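Residue numbering for the sequence shown follows this note's numbering, beginning at 12 and increasing consecutively.
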Amino acid sequence: MAALMKSMEDEQQELPPPPDKTLSYLWPDDMGEVDASKWIVVWPNYIDKAKTIAQGRRVAKEFACDIPIVIELGAICQAFNLWYALEPFKGYPREPYVLGRVRVRVTMPDGTPAHPDIPDKVALLKKMGTLIPNLHIRKDRLLQMSKEKTQAAQKGQAAAPGAGASSKKKGKKGRK
12 MAALMKSMED EQQELPPPPD KTLSYLWPDD MGEVDASKWI VVWPNYIDKA
62 KTIAQGRRVA KEFACDIPIV IELGAICQAF NLWYALEPFK GYPREPYVLG
112 RVRVRVTMPD GTPAHPDIPD KVALLKKMGT LIPNLHIRKD RLLQMSKEKT
162 QAAQKGQAAA PGAGASSKKK GKKGRK
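Set out below in structure tokens:
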């Protein structure tokens, strides 16, 4: 029995180590050592049109967008020249499988806004929700998703006719 257990342990593959949740990518790269813990936090669910207010959406639906991802949030911050830290492996507390958040420096250390159009967090969320649908990376991502969906549908349709012919019901057997 011990030999069998030993052989089973040898055959099992080891899972890769989980990603480091403390990993963050800073922009701009040359800002050196910065304490990003004081910056505001933006999760993709804050501007997701599919979420309700109770599920975590922070802006009205007119300022929200469909299925935002953390890279798109970072692209908007970069367009406004806001310093940000991208943390791709942090899990959203309400939905742990929704990964990624962005920490953004909206105000300078002296309290003035870092960008004149974005004085606070709500203004940043509204800008993100309205500008993300126009991003090229988003359009490419949605195009790729639609291609994958149509390929999966075609694959399902090709497999369906053969499976449908062999699964005829015989009906109820009568009492003999």
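All C-beta atoms, glycine included, are put in the ideal place defined by N, C-alpha and C. A quick note: this is a predicted structure, and the numbers were derived from the prediction, not measured.
Asked                                                                                                          : Found
Span separating the alpha-carbon of Trp38 from that of Trp94                                                   : 6 angstroms
Under 8 angstroms between C-beta atoms of Phe74 and Thr123                                                     : no
Delimiting residues of the alpha helix (DSSP H) encompassing Ile7                                              : Lying outside 12 to 187, the shown extent of the chain, residue 7 is not represented and no answer is given.
Status (buried if at least 16 other CB within 10 Å, exposed otherwise) for Trp154                              : In the sequence on display, residue 154 carries Leu and not Trp. Looking at its Cβ environment, which holds fewer than 16 other Cβ atoms inside 10 Å, Leu154 is exposed.
Neighbour-count burial assignment, Asp59, 16 or more Cβ in a 10 Å radius                                       : buried
Enclosing alpha helix (DSSP H) for Leu142 [first to last residue]                                              : Lys132 to Leu142
Validate contact between the stretch 99-108 and the stretch 47-57 using beta carbons, cut 8 angstroms, 3 pairs : yes
Strand pairing of Thr118, partner residues [DSSP]                                                              : Pro124
Beta-carbon separation (whole angstroms), Val109 vs Leu135, contact threshold 8 angstroms                      : With a Cβ gap of about 19 angstroms, Val109 and Leu135 do not count as contacting.
Per DSSP, cross-strand counterpart(s) of Ala71                                                                 : For Ala71, which the question treats as bridged, DSSP gives no partner whatsoever.
Beta carbon of Ala86 nearer than 8 angstroms to that of Ile129                                                 : no
Length at least 4, wholly inside the stretch 13-57: the alpha helix (DSSP H) runs in chain order               : 13-22
Per DSSP, cross-strand counterpart(s) of Val113                                                                : Val53 and Leu97
Local conformation of Ile129 per DSSP, three classes                                                           : strand
Residue closest to Arg69, alpha-carbon to alpha-carbon, out of Val115, Lys166, Gln165 and Met139               : Met139
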